[in-house]
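*Asks:*
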Amino acid sequence: MLCKSAAFYLNCTCYPIGCCAPDQTALSIMSGRGKKVVAAAAKTKSSVSGSARAGLQFPVGRIARLLRKGNYAQRIGSGAAVYLSAVLEYLCAEVLELSGNASKDNKKQRITPRHIQLAVRNDEELNTLLGAVTISEGGVLPNIQAQLLPKRTKAPREDNSSKDVQSQEF
């Protein structure tokens, strides 16, 4: 039997506490002798970070603080920090994905600066963005000029069908 009155929710015997109504304002607290039902006066509202509100991993609040302290402008809009942290998160995810692929190509489990260097320099857009950046311990791209490579000679093709097959009689 379902409970129908709001006053009956606290003393409901047909369902355990908390199952009768989703908007119920009763909390169950365990004490040493059993359960006690305490009516909650007001629900506390927990604070939600700007990163969680925007659905980002990068810190929106920290970037907003750094924008204000950096004297880039007299006034900084609230959307500027969200936008900048979204751009930084996207760039970081892009570099991490490409460098992870480079590390897998080299059969390594750990991303090293060499893998980041290979990922950035082999990607056209990231290379233009980070063209003036020197990555420490990154090394150089493997590149051998065509004129230094040995010249290829064309070997005659051997077709088995055109050769005369001779018997091995002596």
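Number 77 in UniProt numbering belongs to position 77 of the sequence shown; there are no gaps in the numbering. C-beta atoms are modelled at their ideal positions from N, C-alpha and C, and glycine is treated no differently.
Can you tell me whether residue 117 is buried or exposed, with buried defined as 16 or more other CB within 10 angstroms of its CB?
*Replies:* buried
*Asks:* Which whole runs of the alpha helix (DSSP H) in the UniProt domain "Histone H2A C-terminal" (124-156) are 4 residues long or more, in chain order?
*Replies:* 124-129
*Asks:* Are residue 113 and residue 137 closer than 8 Å when you measure CB to CB?
*Replies:* Taking 8 Å as the Cβ cut-off, residue 113 and residue 137 qualify as a contacting pair.
*Asks:* Please classify residue 144: is it buried, with 16 or more other beta-carbons within 10 angstroms of its beta-carbon, or exposed?
*Replies:* exposed
*Asks:* Put residue 96 into one of helix, strand or coil per three-state DSSP.
*Replies:* helix
*Asks:* With a threshold of 6 Å on Cβ separation, who are the neighbours of residue 82 within its own chain once the five nearest residues in sequence on each side are excluded?
*Replies:* 54 and 60
*Asks:* Assign residue 52 to buried or exposed, taking buried as 16 or more other Cβ atoms, counted over all protein chains shown, within 10 Å of its Cβ.
*Replies:* Residue 52 should be labelled exposed.
*Asks:* My output table needs one value for residue 72: the three-state DSSP class, helix, strand or coil.
*Replies:* coil
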